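S.K.: My questions all concern the structure below.
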Amino acid sequence: MRSKSCPTSRSASTNQRGCLIGIAEEAAYEEQIIPLQQGDRLFLYSDGLLEEPDSSGELFGKERLLDMLTTHRSIPLNDSVQLLEQAVLTWSGKACLQDDLAILAVDIQSLSPTGRP
Numbered sequence: 003m004r005s006k007s008c009p010t011s012r013s014a015s016t017n018q019r020g021c022l023i024g025i026a027e028e029a030a031y032e033e034q035i036i037p038l039q040q041g042d043r044l045f046l047y048s049d050g051l052l053e054e055p056d057s058s059g060e061l062f063g064k065e066r067l068l069d070m071l072t073t074h075r076s077i078p079l080n081d082s083v084q085l086l087e088q089a090v091l092t093w094s095g096k097a098c099l100q101d102d103l104a105i106l107a108v109d110i111q112s113l114s115p116t117g118r119p
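Just add 2 to the spot in the sequence shown (first one is 1) and you have the numbering used here.
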């Protein structure tokens, strides 16, 4: 996700899916390179985020996630993660989620001379 101040501001997602990390020693993983720029934000999350149902069974879903991240891209990163956690809880209508929820969020503040974060 690009910073709101960036003229080419956008949200993007990958369709990467695969075996859980650390579950099987012989698991093979597909590598993907995602070019990042200063001001980008990177969100990695567990399937529990997208697959949390509301009372009618509708899942939180990727579109809702991207809408939230785009709308709130100018707030501090920690606040963004907390807002996302609260949104999923509110969506579910329950005191706790049906599945685990893990979110790793990173602000790309500067790049090395090689162009890597």
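All residues carry an ideal CB built from backbone N, CA and C; glycine is no exception.
These figures come from a predicted structure and were not determined experimentally.
Let me know the secondary structure DSSP gives Leu44 once reduced to three states.
M.R.: Start at 1 with the first residue of the sequence shown, and residue 44 comes out as number 42. Here Leu44 sits in strand by DSSP.
S.K.: For Leu79, tell me which candidate among Phe45, Leu61, Glu32, Ser94 has the shortest Cα-Cα distance.
M.R.: Working through the sequence shown from its first residue, we reach residue 79 at position 77. Closest option to Leu79, Cα to Cα, is Phe45.
S.K.: Between the alpha carbons of Met70 and Ala26, how many angstroms are there, rounded?
M.R.: The sequence position of residue 70 within the sequence shown is 68, counting from 1. The sequence position of residue 26 within the sequence shown is 24, counting from 1. Roughly 33 Å between the two C-alpha positions.
S.K.: Would DSSP call Asp49 helix, strand or coil?
M.R.: On the sequence shown, residue 49 is found 47 positions in, with the first residue counted as 1. Here Asp49 sits in helix by DSSP.
S.K.: For the 8 Å Cβ check, are there 3 or more pairs between the region 22 to 41 and the region 83 to 98?
M.R.: No: the two stretches stay apart, fewer than three of their Cβ pairs being nearer than 8 Å.
S.K.: Decide if the region 104 to 119 is in contact with the region 58 to 66; the criterion is three or more beta carbon pairs, one per stretch, under 8 Å apart.
M.R.: Contact between the region 104 to 119 and the region 58 to 66 is absent, because fewer than three Cβ pairs lie under 8 Å.
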